[in-house]
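Enquirer: For the sequence shown, counting from 1, position 197 maps to 643 in my numbering; every step adds exactly one. Take a look at the following structure, please.
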Amino acid sequence: MNKLIALALLPLAACVPEFDPGSLIKDTRVLGAKVEVEGDAERSTPHPGETANVVFVIEGVEKDPVVSWSLAVCLPAPLTNAPCPESVLARSEGTGTTPTLQVVVPAESALGDASSLHVSGVIDGTPLVYELALARSLDEDNLQPSLQQTRFKLDGKDWFEGEALVRGCRAQPELPQVNADEKEHKISITLGPDARELYVGADMEAIYEELQLSTFVSAGELERQFSFVESNDDRERPTVDIKWTAPKRLRDTADLGVRLLVVVRDSRGGLSVLERALCTVRPSSGQLSAVAAPARPDARRT
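Below is the structure:
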């Protein structure tokens with residue numbers, strides 16, 4: 447599995463501070479890294495001699511935050527968290543919304559027995575390392591999780607695509623409207639039949655990939671950050687349910703747009719991202735907490 451490790455260190459203090467949950471996005475963060483093979487973007491595992499782009503997924507309170515980065519890739523380092531030495535395969539430095547590192551995978555003879563490449567660097571001041579999984583044969587090819595047929599429900603109602611505004615969202619009446627009253631709501635994520643692959647495991651039996659769903663919100667609170675679809679879950683369309691608590695209104699002006707981000711990783715290095723949005727509104731006097739969204743039978747579901 448490709449692993450992304452952020453190495454930010456927390457300062458020591460005389461008492462233990464109260465931290466925000468990991469699922470709450472309050473500043474700019476790296477949520478993951480997606481490997482795209484040139485000429486076959488659906489595949490996450492490059493072969494020797496192929497060119498691959500490592501694209502880091504960045505999110506913040508505002509959509510598409512601008513960050514700076516300095517990245518390098520090399521053959522596997524002796525220590526997992528070590529930076530690349532002077533002899534690197536490729537480097538990338540820049541400023542923008544999408545930190546990207548391009549690398550040509552060395553030939554078979556130069557790789558030795560390496561099954562991955564080692565990426566290290568800094569994004570917006572946060573050190574990180576990432577292991578880029580390679581495919582040394584066709585049997586090791588891995589596709590990104592396909593989320594084209596994924597369906598979302600919010601409190602039992604279909605939740606279609608939409609993009610929340612950072613300040614106010616009255617201009618998008620198609621988004622679900624939720625009272626800002628600190629009450630719980632149920633989010634259901636039903637994956638499509640192509641979200642995970644069958645592959646041949648070590649015992650030569652066909653098994654499903656395990657999926658990890660990392661969920662993030664820009665306001666309110668999720669009951670957990672991580673959910674899993676286990677390899678022994680043979681449902682054609684697995685469903686993950688998670689509770690979200692609406693935020694408490696701090697002001698009586700302007701509705702608040704809330705973004706839900708779902709990062710789906712398979713067990714072999716693939717990654718895909720989905721987003722939904724809703725509006726939290728000030729409850730009217732005596733109004734019960736509710737979700738309301740106009741029907742959109744002609745909308746494309748993803």
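Glycine included, every Cβ here is placed at the ideal spot set by N, Cα and C.
1) Across which residues does DSSP place Arg-711 in a beta bridge pair?
2) CB Val-663 to CB Ile-504, shorter than 9 Å?
3) Would you say the stretch 667-687 touches the stretch 630-642, given that touching needs at least three Cβ pairs under 8 Å?
4) Tell me whether Ala-553 is buried or exposed, calling it buried when 16 or more other Cβ atoms sit within 10 Å of its Cβ.
5) Can you round the beta-carbon distance between Arg-670 and Tyr-654 to whole angstroms, since I take them to be within the 8 Å contact cut?
6) Which runs of the beta strand (DSSP E) spanning at least 3 residues fall entirely within the stretch 624-653, listed in chain order?
7) Which two residues bound the contiguous beta strand (DSSP E) that contains Glu-505?
8) Pairs of beta-carbons, one from the stretch 532-539 and one from the stretch 475-488, closer than 8 Å: are there three or more?
9) Less than 7 Å between C-beta atoms, sequence neighbours within five positions excluded: which residues of the same chain meet that for Gly-666?
10) Can you tell me where the alpha helix (DSSP H) with Ala-556 in it begins and where it stops?
11) Under the three-state reduction of DSSP, which class applies to Asp-687: helix, strand or coil?
12) Go through its chain and collect everything with a Cβ distance to Thr-544's Cβ below 8 Å, but skip five positions before and after it.
13) Taking C-alpha atoms, which residue in Glu-496, Arg-489 and His-564 lies nearest to Cys-520?
Expert: Considering the structure as presented:
1) Gln-658 and Leu-717
2) no
3) yes
4) exposed
5) About 22 Å; that fails the 8 Å criterion.
6) 630-636 and 644-646
7) 497-505
8) no
9) Trp-690, Thr-691, Ala-692, Pro-693 and Val-704
10) 554-557
11) strand
12) Val-501, Phe-502 and Ile-504
13) His-564
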